[in-house]
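A.B. asks: Residue numbers (our numbering), protein chains in the order written: chain C, 1 to 158; chain B, 159 to 316; chain E, 317 to 474; chain A, 475 to 632. We put the CB at the ideal spot given by N, CA and C, even for glycine. Shown below is the structure under consideration.
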Amino acid sequence: SRSRFLTTLEKINENFKRIYQTLFKGGSAEIKLLDETDILNSGVEIKVKLPGKKLQNLQLLSGGEKALSSLAFIFSMFLYKPSPICVLDEVDAPLDEANIENLMVLINEMKTNTQFLIVTHNPKTLEVADTIYGVTMIEPGVSSIYSIDVSEKDKKIV
Amino acid sequence: SRSRFLTTLEKINENFKRIYQTLFKGGSAEIKLLDETDILNSGVEIKVKLPGKKLQNLQLLSGGEKALSSLAFIFSMFLYKPSPICVLDEVDAPLDEANIENLMVLINEMKTNTQFLIVTHNPKTLEVADTIYGVTMIEPGVSSIYSIDVSEKDKKIV
Amino acid sequence: PYLKKIDIFGFKSFPSRIEIFFKKGANLIIGPNGSGKSNVLDALIWGIGETKISSLRGGKTEDIIFSGNRKKKPLAAAEVSLIFDNEGEEVRLFRKAYRDGESVFRVNSKRARLKDIVEELYKLGIGDRKYFFIEQGMIGNIITMGHLEKRILIEEAA
Amino acid sequence: PYLKKIDIFGFKSFPSRIEIFFKKGANLIIGPNGSGKSNVLDALIWGIGETKISSLRGGKTEDIIFSGNRKKKPLAAAEVSLIFDNEGEEVRLFRKAYRDGESVFRVNSKRARLKDIVEELYKLGIGDRKYFFIEQGMIGNIITMGHLEKRILIEEAA
Ligand SMILES: Nc1ncnc2c1ncn2[C@@H]1O[C@H](COP(=O)(O)OP(=O)(O)OP(=O)(O)O)[C@@H](O)[C@H]1O
Ligand SMILES: Nc1ncnc2c1ncn2[C@@H]1O[C@H](COP(=O)(O)OP(=O)(O)OP(=O)(O)O)[C@@H](O)[C@H]1O
Ligand SMILES: [Mg+2]
Ligand SMILES: [Mg+2]
Chain C
1 SRSRFLTTLE KINENFKRIY QTLFKGGSAE IKLLDETDIL NSGVEIKVKL PGKKLQNLQL
61 LSGGEKALSS LAFIFSMFLY KPSPICVLDE VDAPLDEANI ENLMVLINEM KTNTQFLIVT
121 HNPKTLEVAD TIYGVTMIEP GVSSIYSIDV SEKDKKIV
Chain B
159 SRSRFLTTLE KINENFKRIY QTLFKGGSAE IKLLDETDIL NSGVEIKVKL PGKKLQNLQL
219 LSGGEKALSS LAFIFSMFLY KPSPICVLDE VDAPLDEANI ENLMVLINEM KTNTQFLIVT
279 HNPKTLEVAD TIYGVTMIEP GVSSIYSIDV SEKDKKIV
Chain E
317 PYLKKIDIFG FKSFPSRIEI FFKKGANLII GPNGSGKSNV LDALIWGIGE TKISSLRGGK
377 TEDIIFSGNR KKKPLAAAEV SLIFDNEGEE VRLFRKAYRD GESVFRVNSK RARLKDIVEE
437 LYKLGIGDRK YFFIEQGMIG NIITMGHLEK RILIEEAA
Chain A
475 PYLKKIDIFG FKSFPSRIEI FFKKGANLII GPNGSGKSNV LDALIWGIGE TKISSLRGGK
535 TEDIIFSGNR KKKPLAAAEV SLIFDNEGEE VRLFRKAYRD GESVFRVNSK RARLKDIVEE
595 LYKLGIGDRK YFFIEQGMIG NIITMGHLEK RILIEEAA
C-alpha cells in the first residue's frame, strides 16, 4: 500500500544518510521520490553531494565514488531488512586505501549482527577478517581450500 | 571484401595466440569464424583453453580470467593496426599479483613502439612506469597534478 | 543464525567433496585468479535455491557440474549442503542436480521441494539475494540503475 | 609520434589551466578515488574529437565544463590542447566548447573543423578509440560481447 511504501522509503533514506556519512566522512545523500505528486508510480532517485563538492549527476562520479555510493545504497536496504548473512565478491576492487578503510569501519560495525563472506585481492581488506580461507588450484582445474591463521593476515599477498 | 576480412582475421588470430601465451603462460586460444560456410555474414567466436583446464564457455571464466582474455583480444587488434598511444584505465583492478606481472611483461615489450597512459591503484603496476603523475584534490572539487620521481615508485601507496 | 558449514561435491571446480567451516563475523576468501573463490559463492547461491543458470555464470544447467580436467572425467552430478546454526539448532539444506537438469532438494535429510527450502530460509531471515549478495564486477552499476528499478528494489524490501 | 603535452582549462575538475608533459614509454597516473585521473583521460578523448557526451560520462554537453565548487563559480567554457610530437615536428590540436554546446577546433593554431582534426589524427596513426582506449570498469565485458559485435570490431580494423 501507499503508506507502507512511503514508510519504507523514509527508513531506507535515513539508513542511507547515516551510512553515507560513515563511508564518505562527510557530504550528504538522499533517496527520494522523483515525483512527489504520484506516489504510486513515481520512480526513486538518489542525490549525492560528496564532501566539498557540488551536487551532481551520478554519471559524473568516479569509479570509486560510484562503488562506494552503491555500497551505501545496498547496505541501507540491507539494514532495513537485515539478513543473517552478507556476501561481497571483490567490491573493494575500485577503491583506494582510504575508502577501503572507511568500508572496513562499516563492516566492523555490522559484523556483530551479520555474518560476512568477503572475497578480495586486497591485503587492506584482510584487516577486518575473523577467519581467512585460501583457495588454490594445485591440480589445474581443481579447487582446494586451506585455512589461514588470522594472525598471518598481514603477511598474506593476495 | 571477403579476402581482406579473412586475412585480417587470420593476422589478428595469430597475434591473439601469441599474446595469450605471454599473458597466461600457456594454454591456447583462437579467434575463428562461427560459420565457415558463410564468410560474409558469420559472427566471430573466441575459444580459450586455460593452462591445464578444459576448453570452456567464456561465461564460466573468472573475473580475472575474463579481464586478461579481454586484454589479449584488444591487444591482438591493436598490434594489427598499432596506434602511437594506448590508454588503460584501471584494467588491473580484477587481476592478482601474478597476472599483473604477466601484463607488465607484455606492456614492457610494447612500450618501445607505443606510448602508454595507465591509471592504476596497484603498486605492482607502477613497476612498469617511466614517469609517474599524482592527481589530487587539495581543494575539494579541483584536481591538481604533481610529478613523482620514478625512483620513488616502490614507496608510493596508491 | 549464521552459516556454519558448506559442503561442496561435484559443483563447478570441486570434483571431490570439500567442507568449509565458517565463523560468525567476517570470513575472508583469498586466492589467485581462476582458483575457485567465486565458485564457492556460487555454490552457496545455488544451495539456497537459485534457478536462473545465468546467475551462476552458466549457459546450460550442466555448466555447474564438474566438467573434467586432464586427469579427471566429468562428473554426473553436483551437490551442495548448507548447514545453518539457528540459536544452537541446526538447519541442513541439501541440493543435488544431474546433467539432465532435475534438482533434488532435502531439508534436514528429508526429501523436500524448492518451496520448502525457501520457507526454511525465510525462517532464518534469508530472502532475495539482491539485498545481501553483491556479485563480482557489479558494484559500480547499482547506483546508476534507472529510477523505476530503484523503486522496485525499495518496494520489494517493504 | 607520441603525445608530448596535454593542456586542460575549464574541463571537468580543472578550473585553472594545467599542463601535463608526457614521455614516451609508460606514463602512470595515480591518486585517490575522485581526484581526477579518469578526467585527464576524458580530456584526451574529448580533445581528439569525441562527440558522444555519454562516452565522457556526461548527460548533457555542459557536464564537461567545470561546474563550480564551494569557492569557485562555474566556468563558461572548457578547452583542451593536445601537442603531439611527430618525428620532431609538432602537431597542436585544440578544442573549446561553451555551455551552449558549440565546439571550436584548431589545428596548429588555425581554425579548423572536426574533420580536419580526424585527418591530422589519421596522419599520426590515431584511429577509433575502441582499439587503443580501455575505459574504467569495461575490461571484463569485452571478451563476452556477442559474435556479431566481435566480427564488426575485426571488420573495422581491416
Ligand atoms: N563446471 C565446471 N567444471 C569445471 N571447472 C569449472 C566449472 N565451472 C567453472 N569452472 C572453473 O572455475 C574457474 C573460475 O573460478 P572462479 O570464478 O571461482 O575464480 P575466482 O577465484 O573467483 O577468480 P577471480 O579472482 O579471477 O575472480 C574457471 O577457470 C573454470 O575453469
Ligand atoms: N563538470 C564538472 N565540474 C566539476 N567537477 C567535475 C565535473 N565533472 C566531473 N567532476 C568531478 O570529477 C570527479 C570524478 O573524477 P574522476 O572520475 O576523474 O576520478 P578518478 O580519479 O578517476 O577516481 P577513481 O579512482 O575513483 O576512478 C567527480 O567526483 C566530480 O566531482
Ligand atoms: Mg571471482
Ligand atoms: Mg577513474
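#1: With a threshold of 8 Å between beta-carbons, can residue 72/C be considered close to chain A, or not?
#2: Indicate whether residue 434/A and residue 286/B have their beta-carbon atoms separated by less than 8 Å.
#3: Using C-beta distances below 7 Å, list every residue in its chain close to residue 530/A, excluding the 5 sequence neighbours before and after it, in chain order.
#4: Can you tell me whether residue 383/E is buried or exposed? The criterion is at least 16 other CB atoms within 10 Å of its CB, across all chains shown.
#5: Flag this pair as touching only if the segment 35–45 of chain C and the segment 486–497 of chain A have three or more C-beta atom pairs under 8 Å; answer yes or no.
#6: Any heavy atom of ligand 3 closer than 7 Å to the CB of residue 452/E?
#7: Could you pull out every residue in the same chain whose Cβ sits closer than 8 Å to the Cβ of residue 105/C, ignoring the five residues on either side in sequence?
#8: Can you tell me where the beta strand (DSSP E) holding residue 218/B begins and where it ends?
#9: Chain C beta carbons: is any one of them nearer than 8 Å to that of residue 577/A?
#10: Between 156/C, 155/C, 137/C, which has its C-alpha nearest residue 208/B's C-alpha?
#11: State yes or no: is the C-beta of residue 24/C nearer than 7 Å to some heavy atom of ligand 2?
#12: When the cut-off is 8 Å and only beta carbons count, does residue 523/A lie next to chain C?
#13: List the DSSP bridge partners of residue 559/A.
#14: Using beta-carbon positions only, say whether residue 447/E and residue 147/C come within less than 8 Å of one another.
#15: Out of 54/C, 87/C, 66/C, state which residue places its alpha-carbon closest to the alpha-carbon of residue 28/C.
#16: Chain A partners of residue 217/B, CB-CB under 9 Å?
#17: Heavy atom of ligand 3 less than 7 Å from the Cβ of residue 302/B, yes or no?
#18: At a cut of 8 Å, does the segment 59–66 of chain C reach the segment 426–434 of chain E through at least three beta carbon pairs?
#19: Can you list, in chain order, every residue whose CB sits closer than 5 Å to a heavy atom of ligand 2?
#20: My guess is that residue 423/E and residue 409/E are in contact by the Cβ rule of under 8 Å, so how many angstroms apart are they, rounded?
#21: Within the present structure, is the beta-carbon of residue 247/B separated from the nearest heavy atom of ligand 4 by less than 7 Å?
#22: Flag residue 27/C as yes when its Cβ comes closer than 7 Å to any non-hydrogen atom of ligand 1, and as no otherwise.
#23: Give me the residue from 436/E, 377/E, 459/E, 356/E with the minimum Cα distance to residue 72/C.
#24: What residues from chain A crowd round residue 209/B, counting only those whose CB sits closer than 9 Å?
#25: Could you tell me whether the Cβ of residue 140/C comes closer than 8 Å to any Cβ of chain B?
#26: Out of 67/C, 141/C, 77/C, point me to the one whose CA is closest to residue 16/C's CA.
#27: Shorter than 7 Å, the distance from the beta carbon of residue 277/B to the closest heavy atom of ligand 4, or not?
#28: Under a three-way DSSP split, which group does residue 287/B fall into?
#29: Would the beta-carbon of residue 100/C fall within 8 Å of that of residue 89/C?
#30: Put residue 268/B into one of helix, strand or coil per three-state DSSP.
#31: Would you mind reading off the limits of the beta strand (DSSP E) that contains residue 115/C?
#32: Run through DSSP, which three-state label would residue 356/E get?
#33: For residue 548/A and chain B, any beta-carbon pair shorter than 8 Å?
#34: Taking Cβ positions, are residue 482/A and residue 591/A nearer each other than 8 Å?
#35: Taking Cβ positions, are residue 633/A and residue 163/B nearer each other than 8 Å?
#36: Assuming residue 206/B is part of the beta strand (DSSP E), what are its boundary residues?
C.D. replies: Short version:
#1: For the purposes of this step, residue 72/C is taken as the residue at position 72 of the first sequence. Not closer than 8 Å to any Cβ of chain A, the Cβ of residue 72/C fails to qualify, so no.
#2: Because chain A is modelled from 475 through 632, residue 434/A falls outside the range shown and cannot be assessed.
#3: Numbered from its first residue, the fourth sequence carries residue 530/A at position 56. If we look at residue 530/A and ignore the five residues flanking it on each side, its Cβ neighbours are 516, 519, 520, 524, 538.
#4: Here residue 383/E corresponds to residue number 67 of the third sequence, with the count starting at 1. Per the 10 Å Cβ criterion, buried.
#5: no
#6: By 1-based counting over the third sequence, the position of residue 452/E is 136. At least one heavy atom of ligand 3 is nearer than 7 Å to the Cβ of residue 452/E, so yes.
#7: Reading the first sequence from its first residue, position 105 is the one you call residue 105/C. Answer for residue 105/C: 22, listed in chain order.
#8: Position 60 of the second sequence, counted from the start, is the residue given in the question as residue 218/B. Here residue 218/B belongs to no beta strand (DSSP E), and DSSP marks it neither H nor E.
#9: On the fourth sequence, position 103 is the one that residue 577/A refers to. So, not an interface residue.
#10: By one-based count along the second sequence, residue 208/B stands at place 50. When each option's Cα is compared against that of residue 208/B, the closest is 137/C.
#11: Residue mapping note: residue 24/C aligns to position 24 of the first sequence, counting from 1. No, the Cβ of residue 24/C stays beyond 7 Å of every heavy atom of ligand 2.
#12: Position 49 of the fourth sequence, counting from 1, holds the residue named residue 523/A. Output row for residue 523/A: interface = no.
#13: Position 85 of the fourth sequence holds residue 559/A. Note: residue 559/A sits in a beta bridge opposite 476/A, 564/A.
#14: Within the third sequence, residue 447/E is the residue found at index 131, counting from 1. Within the first sequence, residue 147/C is the residue found at index 147, counting from 1. Going by C-beta atoms, residue 447/E is not nearer than 8 Å to residue 147/C.
#15: As a first step, residue 28/C is located in the first sequence; it is residue number 28 there, counting from the start. With distances taken between Cα atoms, residue 28/C lies closest to 54/C.
#16: Taking the first residue of the second sequence as position 1, residue 217/B is located at position 59. Chain A residues near residue 217/B: 618.
#17: One-based indexing of the second sequence puts residue 302/B at position 144. No, the Cβ of residue 302/B stays beyond 7 Å of every heavy atom of ligand 3.
#18: no
#19: 53/C, 60/C, 62/C, 63/C, 64/C, 486/A, 487/A, 507/A, 508/A, 509/A, 510/A, 511/A, 512/A, 513/A, 540/A, 541/A
#20: For the purposes of this step, residue 423/E is identified with residue 107 of the third sequence, where counting begins at 1. For the purposes of this step, residue 409/E is identified with residue 93 of the third sequence, where counting begins at 1. Residue 423/E to residue 409/E, Cβ: 6 Å. Contact.
#21: On the second sequence, residue 247/B is found 89 positions in, with the first residue counted as 1. Yes - ligand 4 has a heavy atom lying nearer than 7 Å to the Cβ of residue 247/B.
#22: Along the first sequence, read from residue 1 onward, the residue named residue 27/C stands at position 27. Residue 27/C: no, Cβ never under 7 Å from ligand 1.
#23: Within the first sequence, numbered from 1, the residue matching residue 72/C stands at position 72. That would be 459/E, whose Cα lies nearest to the Cα of residue 72/C.
#24: Here residue 209/B is taken as the residue at index 51 of the second sequence, counted from 1. Simply none; closest approach about 17 Å.
#25: Translated into the one-based positions of the first sequence, residue 140/C becomes position 140. Yes, residue 140/C counts as interfacial toward chain B.
#26: Translated into positions along the first sequence, residue 16/C becomes position 16. Cα-wise, what sits closest to residue 16/C is 77/C.
#27: Translated into positions along the second sequence, residue 277/B becomes position 119. Within the cutoff, so yes.
#28: Looking up residue 287/B in the second sequence gives position 129. In the structure shown, residue 287/B sits in coil (DSSP, three-state: anything other than H, G, I, E or B).
#29: For the purposes of this step, residue 100/C is taken as residue 100 along the first sequence, with counting starting at 1. For the purposes of this step, residue 89/C is taken as residue 89 along the first sequence, with counting starting at 1. No, the pair does not count as a contact, with Cβ atoms beyond the cut-off.
#30: Locating residue 268/B in the second sequence gives position 110, counting from the first residue. Residue state, collapsed to three classes: helix.
#31: Position 115 of the first sequence, counted from the first residue, corresponds to residue 115/C. 115–119 is the extent of the beta strand (DSSP E) around residue 115/C.
#32: Translated into positions along the third sequence, residue 356/E becomes position 40. Of the three classes helix, strand and coil, the one that applies to residue 356/E here is helix, per DSSP.
#33: In the fourth sequence, residue 548/A corresponds to position 74, counting from 1. Not one chain B Cβ lies under 8 Å of residue 548/A.
#34: Taking the fourth sequence and counting its residues from 1, one reaches residue 482/A at position 8. Taking the fourth sequence and counting its residues from 1, one reaches residue 591/A at position 117. Cβ distance not < 8 Å, so residue 482/A and residue 591/A don't count as in contact.
#35: Residue coverage of chain A in this structure runs from 475 to 632, which leaves residue 633/A outside it and unanswerable.
#36: Here the question's residue 206/B lines up with position 48 in the second sequence. Residue 206/B -> beta strand (DSSP E) spans 202–207.
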